[in-house]
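Visitor: Right, I'll just put the structure down here and ask away after.
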Amino acid sequence: MLKDILKILENDPRTTEKQIATMVGVSAAEVTKAIKQAEKDRIILKYKTVVNWDRLEGDEQVWALIEVRVKPEPEVGFDSIAGRIALFQQVRSLFLASGTYDLLLVVVGKSEHKVADFVSQNLAHIEGVQGTVTHFVLKRYKDDGEILEGGEGVKRQPMIL
Amino acid sequence: MSAKESGHTPKYKLISDRTNALSPSGIRKFFDLLQSMEGVISLGVGEPDYATPWHISEAAVKSLERGYTMYTSNSGIIELRELTCKYLQEKYGIDYASNGEILMTVGVSEALDLAMRAILNPGDEVIMTDPHYVAYDACVILAGGKPVMVSTSEKHGFEVDAKDIEKKITKKTRAILIGYPSNPTGAVMEKQKLLDIAEVARKHDLTVISDEIYARLTYGMEHTCYASLPGVKDNTILLGGFSKAYAMTGWRIGYAVAPKEIIAAMTKIHQYTIMSAPTPAQVAAIEALKTGEPDVVEMVEDYNRRRKIIVKGLTDIGLPCFEPKGAFYAFPSITCTGMNSETFSETLLQEEKVAVVPGSAFGQCGEGYIRCCYATSLADIEEALKRIGRFVKKYRK
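The listed protein sequences derive, respectively, from chains B and U.
With this note's numbering as the guide, the letters of the first sequence map in order to residues 2 to 162.
With this note's numbering as the guide, the letters of the second sequence map in order to residues 3 to 399.
Following this line, the structure appears as structure tokens:
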């Protein structure tokens, strides 16, 4: 049941508990209970709207992918440094990845300047950070499962027998 | 200037009697009205609201890039025939030879047409359910045959009873045509009821044509493939396709499996009229069979959610709806308004801008019902229910 509820909410968090109850085949009370527990267990972290800010003049954002090489700490490895970096509000996503670098950050800022400031003033000084490579995103095609341009879909015939 | 005006009597009538005999979709004027309106929520669609999963389309696109644009073998690409037969074996335990017992067609639509043309002699009767998908009687008439109706009812979940079929059998009966899960009712047939039909067909030596295009769209139960029943294979034509399961309606690709004499006959017609099913569509179907299963499962899960919403929603607004266990249609009764199906649909469209299909378009037993397709967004379903609810409240007797 929980899996079904989560799939529905992940697709559209505005689905009402009554609708979810009908779709899953349980009572609304059971849905409410399951959702509350999932929130408590941090299975549901947040209800989100995916906004394409680039469509608002003057509110465009600058995205950057930042590779960070880190010296892992004894016993805790990368967790402690990753935990510190994750606290920054500009860091939208943070992953430990295999390959030529250790951590990958997705950083979103109001301008390239602001992103560069974040790297030089906040990121580079963190103890254990050995080096960073910043890639500024030139164009976003798809984010969070949504195609940004031209994803409108094709109209169907209104009536087919 | 018409022939009359010019004083000329033509040697022939412009249109064939057979074509004139086809009842024009009583829906025509309704459809024209719909086309002329803005802001209509349509529950009258008849296809998935998904685009074909991209990896399936991409396979076809790649094949076009490689120049794979020529005819294929009349029967269809051998790999596709083999994969389809393998699929039928694994899913339903039925064995058809990829060489000689399967034909890839332009959708189930063509397969149905070929089946009729291959087996009917002029005047042969074909028994079918009322209500039924509109092409059923048309294909029989076009093949020179005569459709014979067997009534079904909501009381019995629109399943057809073998005893009722048997009552309609005459010396001229050649075949029985069934389509479950059903368009328009969403009904499915229990295995025992299909066994009963098989027994009647065997007793009277009738070919059964089973249109199972909606086979993958069943909810809370396993679909029984008619061809999997014991002893039926020698006189069954099974029609299947990719349109609904893989959201490939526009590609036009389907198949028929049957004993080799029937497939040979169907292939003969097919090679004269179609040559071979569209090559890119066949390529896409190969990809669908190889890797499309997870997509089907996900889409069916999603249809199921919306099915529950619409059935509950219709019942809540006062339109009793039996639970459809297949396809993506709900078939609620509208008799509480005192209107007939056509009047209900037209008035609903004009007053509330919601389009549904009058059940009467599918046969006399569809009178008093409307067909609502729930292969559309949840938001549209909820809004349509709201508007229909208002309408029912206004007109309820």
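We put the CB at the ideal spot given by N, CA and C, even for glycine.
Every value quoted in this text rests on a predicted model; they were computed, and no experiment measured them.
Give the range of the beta strand (DSSP E) segment to which residue 167 of chain B is assigned.
Guide: Outside the displayed range of chain B (2 to 162) lies residue 167 of chain B, so it cannot be described from this structure.
Visitor: So that I know if they touch, is there some Cβ in chain B lying closer than 8 Å to that of residue 29 of chain U?
Guide: In the second sequence, counting from the first residue as 1, residue 29 of chain U sits at position 27. Residue 29 of chain U counts as touching chain B.
Visitor: Below 8 Å on the Cβ atoms is my guess for residue 375 of chain U versus residue 46 of chain U; work out the distance and round it to an integer in Å.
Guide: Translated into the one-based positions of the second sequence, residue 375 of chain U becomes position 373. Translated into the one-based positions of the second sequence, residue 46 of chain U becomes position 44. Contact holds; Cβ gap of about 7 Å.
Visitor: At a cut of 8 Å, does the segment 66 to 76 of chain B reach the segment 92 to 109 of chain B through at least three beta carbon pairs?
Guide: They touch, by the three-pair rule.
Visitor: Quick check: the segment 146 to 156 of chain U against the segment 97 to 117 of chain U, are at least 3 beta-carbon pairs closer than 8 Å?
Guide: no
Visitor: Just tell me which of U/188, U/305, U/358 and U/351 has its CA closest to the CA of residue 134 of chain U.
Guide: Along the second sequence, one-based indexing puts residue 134 of chain U at 132. When the alpha-carbon of residue 134 of chain U is set against those of U/188, U/305, U/358 and U/351, the nearest one is in U/188.
Visitor: Could you tell me whether the segment 113 to 131 of chain U touches the segment 249 to 259 of chain U, using the rule of 3 or more Cβ pairs below 8 Å?
Guide: Verdict: yes, contact present.
Visitor: Who are the neighbours of residue 154 of chain B on chain U, taking C-beta pairs under 9 Å?
Guide: Locating residue 154 of chain B in the first sequence gives position 153, counting from the first residue. In chain order: 51 and 53.
Visitor: Ends of the alpha helix (DSSP H) at residue 119 of chain U?
Guide: Mapped onto the second sequence, residue 119 of chain U falls at position 117. Segment 109 to 121, the alpha helix (DSSP H) holding residue 119 of chain U.
Visitor: Name the residue from U/68, U/105 and U/71 whose alpha carbon lies nearest to the alpha carbon of residue 80 of chain U.
Guide: Within the second sequence, the letter at position 78 stands for residue 80 of chain U. When only C-alpha atoms are compared, the closest one is U/105.
Visitor: Would you identify the three-state DSSP class for residue 74 of chain B, choosing helix, strand or coil?
Guide: Mapped onto the first sequence, residue 74 of chain B falls at position 73. In the structure shown, residue 74 of chain B sits in a strand (DSSP, three-state: E or B).
Visitor: Which chain U residues are close to residue 33 of chain B, counting only those with a beta carbon under 8 Å from its beta carbon?
Guide: Residue numbering aside, residue 33 of chain B sits at position 32 when the first sequence is read from its first letter. The contacting residues do not exist; residue 33 of chain B stays about 18 Å from chain U at best.
Visitor: So, residue 220 of chain U versus residue 314 of chain U, is the Cβ gap smaller than 8 Å?
Guide: Walking along the second sequence from the start, residue 220 of chain U turns up at place 218. Walking along the second sequence from the start, residue 314 of chain U turns up at place 312. Cβ distance not < 8 Å, so residue 220 of chain U and residue 314 of chain U don't count as in contact.
Visitor: Counting only runs of 4+ residues fully inside the segment 56 to 94 of chain U, write out the alpha helix (DSSP H) ranges in chain order.
Guide: 56 to 67 and 80 to 94
Visitor: Identify the continuous beta strand (DSSP E) that holds residue 373 of chain U and give its terminal residues.
Guide: The residue you call residue 373 of chain U lines up with position 371 of the second sequence. Taken as a continuous stretch (DSSP letters only), the beta strand (DSSP E) holding residue 373 of chain U covers 372 to 375.
Visitor: Output, in chain order, the set of chain B residues within a Cβ distance shorter than 7 Å of residue 44 of chain U.
Guide: If you number the second sequence from 1, residue 44 of chain U lands on position 42. Here the neighbours are 159 and 160.
Visitor: Evaluate residue 26 of chain U with the Cβ neighbour count: other Cβ atoms within 10 Å of its Cβ, from every protein chain shown; 16 or more gives buried, anything less gives exposed.
Guide: For this step, residue 26 of chain U is matched to residue 24 along the second sequence. Burial call: exposed.
Visitor: Whole angstroms are fine: how far does the CA of residue 197 of chain U sit from the CA of residue 167 of chain U?
Guide: By one-based count along the second sequence, residue 167 of chain U stands at place 165. By one-based count along the second sequence, residue 197 of chain U stands at place 195. Each residue's alpha carbon lies about 13 Å from the other.
Visitor: Would you tell me roughly how many angstroms separate the C-alpha atoms of residue 180 of chain U and residue 240 of chain U, rounded to the nearest one?
Guide: Here the question's residue 180 of chain U lines up with position 178 in the second sequence. Here the question's residue 240 of chain U lines up with position 238 in the second sequence. In this structure, the CA atom of residue 180 of chain U is about 10 Å from the CA atom of residue 240 of chain U.
Visitor: Hey, does residue 59 of chain B have any beta-carbon neighbour from chain U nearer than 8 Å?
Guide: By one-based count along the first sequence, residue 59 of chain B stands at place 58. So, not an interface residue.
Visitor: Put residue 110 of chain B into one of helix, strand or coil per three-state DSSP.
Guide: For the purposes of this step, residue 110 of chain B is taken as the residue at position 109 of the first sequence. Strand.
Visitor: Taking DSSP as the reference, what is the three-state secondary structure of residue 254 of chain U?
Guide: For this step, residue 254 of chain U is matched to residue 252 along the second sequence. Correct three-state label for residue 254 of chain U: coil.
Visitor: Less than 8 Å between the CB atoms is what I'm expecting for residue 319 of chain U and residue 387 of chain U, so what's the real figure, rounded?
Guide: Here the question's residue 319 of chain U lines up with position 317 in the second sequence. Here the question's residue 387 of chain U lines up with position 385 in the second sequence. Sure, about 6 Å apart at Cβ, within 8 Å.
Visitor: Using a Cβ-Cβ cut-off of less than 7 Å, give me the residues of the segment 308 to 320 of chain U that come near chain C, in sequence order.
Guide: Included in the structure are the protein chains B and U, with no chain C among them.
Visitor: Terminal residues of the continuous beta strand (DSSP E) containing residue 131 of chain B?
Guide: Position 130 of the first sequence, counted from the start, is the residue given in the question as residue 131 of chain B. Here the beta strand (DSSP E) through residue 131 of chain B covers 130 to 137.
Visitor: Please confirm whether residue 9 of chain B has its beta-carbon closer than 8 Å to some beta-carbon of chain U.
Guide: Translated into the one-based positions of the first sequence, residue 9 of chain B becomes position 8. Closer than 8 Å: yes.
Visitor: Can you tell me where the beta strand (DSSP E) holding residue 148 of chain U begins and where it ends?
Guide: On the second sequence, residue 148 of chain U is found 146 positions in, with the first residue counted as 1. Looking at the DSSP string, the run of the beta strand (DSSP E) that includes residue 148 of chain U is 148 to 153.
Visitor: Taking all protein chains shown into account, do 16 or more other C-beta atoms lie within 10 angstroms of the C-beta of residue 108 of chain B, making it buried, or fewer, making it exposed?
Guide: Within the first sequence, the letter at position 107 stands for residue 108 of chain B. Buried: at least 16 other Cβ atoms inside 10 Å.
Visitor: Mind checking which residues open and close the alpha helix (DSSP H) that includes residue 84 of chain B?
Guide: Along the first sequence, read from residue 1 onward, the residue named residue 84 of chain B stands at position 83. 80 to 87 is the extent of the alpha helix (DSSP H) around residue 84 of chain B.
Visitor: What residues in the segment 354 to 365 of chain U have a beta carbon less than 7 Å from any beta carbon of chain B?
Guide: 357, 359 and 363
Visitor: Put residue 331 of chain U into one of helix, strand or coil per three-state DSSP.
Guide: Here residue 331 of chain U refers to the residue found at position 329 of the second sequence. Residue state, collapsed to three classes: strand.
Visitor: Under DSSP, the beta strand (DSSP E) around residue 94 of chain B begins and ends at which residues?
Guide: In the first sequence, the residue the question calls residue 94 of chain B occupies position 93. Per DSSP, residue 94 of chain B belongs to the beta strand (DSSP E) from 92 to 97.
Visitor: DSSP beta-bridge partners for residue 360 of chain U?
Guide: Taking the first residue of the second sequence as 1, we reach residue 360 of chain U at position 358. Answer is U/372, bridged to residue 360 of chain U.
Visitor: Which residue wins for smallest C-alpha separation from residue 178 of chain U, given the options U/142, U/190 and U/186?
Guide: By 1-based counting over the second sequence, the position of residue 178 of chain U is 176. Residue 178 of chain U has its Cα closest to that of U/142, out of U/142, U/190 and U/186.
Visitor: Just to confirm my understanding: we take residue 223 of chain U, look at its own chain, exclude 5 residues before and 5 after, and list those with CB closer than 8 Å. What are they?
Guide: Reading the second sequence from its first residue, position 221 is the one you call residue 223 of chain U. Cβ neighbours of residue 223 of chain U beyond the five flanking positions: 190 and 327.
Visitor: Could you work out which residue in U/253, U/291 and U/396 is closest to residue 340 of chain U when comparing CA atoms only?
Guide: Counting from one through the second sequence, the residue named residue 340 of chain U turns up at place 338. The shortest Cα separation from residue 340 of chain U among U/253, U/291 and U/396 belongs to U/396.
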